């Protein structure tokens, strides 16, 4: 007896869009309308404002997300430059951990 295989709808979990700045800023003004437009296509999109450390804390939360989590970071050059150039002990490797090609996490960057 053969079994039918069916793919799960993408995404199986809510998408979390991490804005690495406090609420009410310029990145928040971009992220919230984007989430409203993408909701009909992908389902639930949750905005998380994780400010602090010059965008480092929010980007680190995306870099350290569990493998099954769907998280995206809305950031610009500061999510890469602050860690790579300005810190002696970076929280994450921006080239490796915020690679948009990785399956489990990505980076939306508007500079």
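In our numbering, the protein residues as written are 136 to 246. All C-beta atoms, glycine included, are put in the ideal place defined by N, C-alpha and C. If you're wondering where the values come from, they're calculated on a predicted model, not measured in any experiment.
For residue 148 and residue 204, I'd like the C-alpha separation in whole angstroms. As a working note, residue 148 is residue 13 in the chain shown. As a working note, residue 204 is residue 69 in the chain shown. Computed Cα separation, rounded: 8 Å.
Residue 206 lies in the beta strand (DSSP E); which residues open and close that run? The residue given as residue 206 occupies position 71 in the chain shown. Secondary structure note for residue 206: its beta strand (DSSP E) is the uninterrupted segment 206–210.
Just how far apart, CA to CA, sit residue 230 and residue 223? Sequence index remark: in the chain shown, residue 230 carries index 95 (1-based). Sequence index remark: in the chain shown, residue 223 carries index 88 (1-based). Between residue 230 and residue 223, the C-alpha separation is close to 16 Å.
Just to confirm the assignment, what range does the beta strand (DSSP E) spanning residue 150 have? Here residue 150 refers to the residue found at position 15 when the chain shown is read from its first residue. Where residue 150 is concerned, the enclosing beta strand (DSSP E) stretches over 150–154.
Just to confirm my understanding: we take residue 186, look at its own chain, exclude 5 residues before and 5 after, and list those with CB closer than 6 Å. What are they? As a working note, residue 186 is residue 51 in the chain shown. Around residue 186: 156 and 157.
Would you kindly work out how many angstroms separate the C-alpha atoms of residue 146 and residue 194, rounded to a whole number? Translated into the one-based positions of the chain shown, residue 146 becomes position 11. Translated into the one-based positions of the chain shown, residue 194 becomes position 59. About 21 Å.
CB-CB under 6 Å to residue 181, same chain, minus the five flanking residues each way: which ones, in chain order? Sequence index remark: in the chain shown, residue 181 carries index 46 (1-based). 149 and 151, listed in sequence order.
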